[in-house]
Amino acid sequence: MFPPHIPPMERRIRAGEPWLHVYQQQLAVPLSAMARKTKIAIDDLISMTQGTIEPDDGQLAAIAKALGTTAQEIEETHRLAGSAG
1 MFPPHIPPME RRIRAGEPWL HVYQQQLAVP LSAMARKTKI AIDDLISMTQ GTIEPDDGQL
61 AAIAKALGTT AQEIEETHRL AGSAG
């Protein structure tokens, strides 16, 4: 389905999984810990993992920090996931 050079996380996002769900599962970060680290309500994080809402810029930066990455890396994953094969 995808060329072998495409990383597994990107494949999952390209296949339609919500990005935060993929990151959260891949990095094994419990939502309760993410809520504590980001100061984002757990209900909002759940909605984000389901793809029903997107974080604002401040929330994205906080999530990225909690996941040990950058908002720019997450945005790049979105960009790549939006391109075909």
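Count the sequence shown with my numbering and you get residues 1 to 85, in order. All residues carry an ideal CB built from backbone N, CA and C; glycine is no exception.
Could you give the distance in angstroms between the alpha-carbon of residue i and the alpha-carbon of residue j?
i, j, result
"A28", "H5", "23 Å"
"G51", "P18", "5 Å"
"A35", "Y23", "14 Å"
"Q72", "P30", "22 Å"
"R79", "L67", "19 Å"
"L20", "Q26", "10 Å"
"T70", "T77", "11 Å"
When DSSP labels each residue in this structure, what does residue i get in the three-state scheme?
i, result
"E75", "helix"
"D44", "helix"
"H21", "helix"
"Q86", "Any question about residue 86 goes unanswered here, given that the chain covers just 1 to 85."
"T69", "coil"
"A28", "coil"
Just confirm the distance between the C-beta atoms of residue i and residue j, as a whole number of angstroms; I'd bet it's less than 8 Å.
i, j, result
"T38", "I63", "6 Å"
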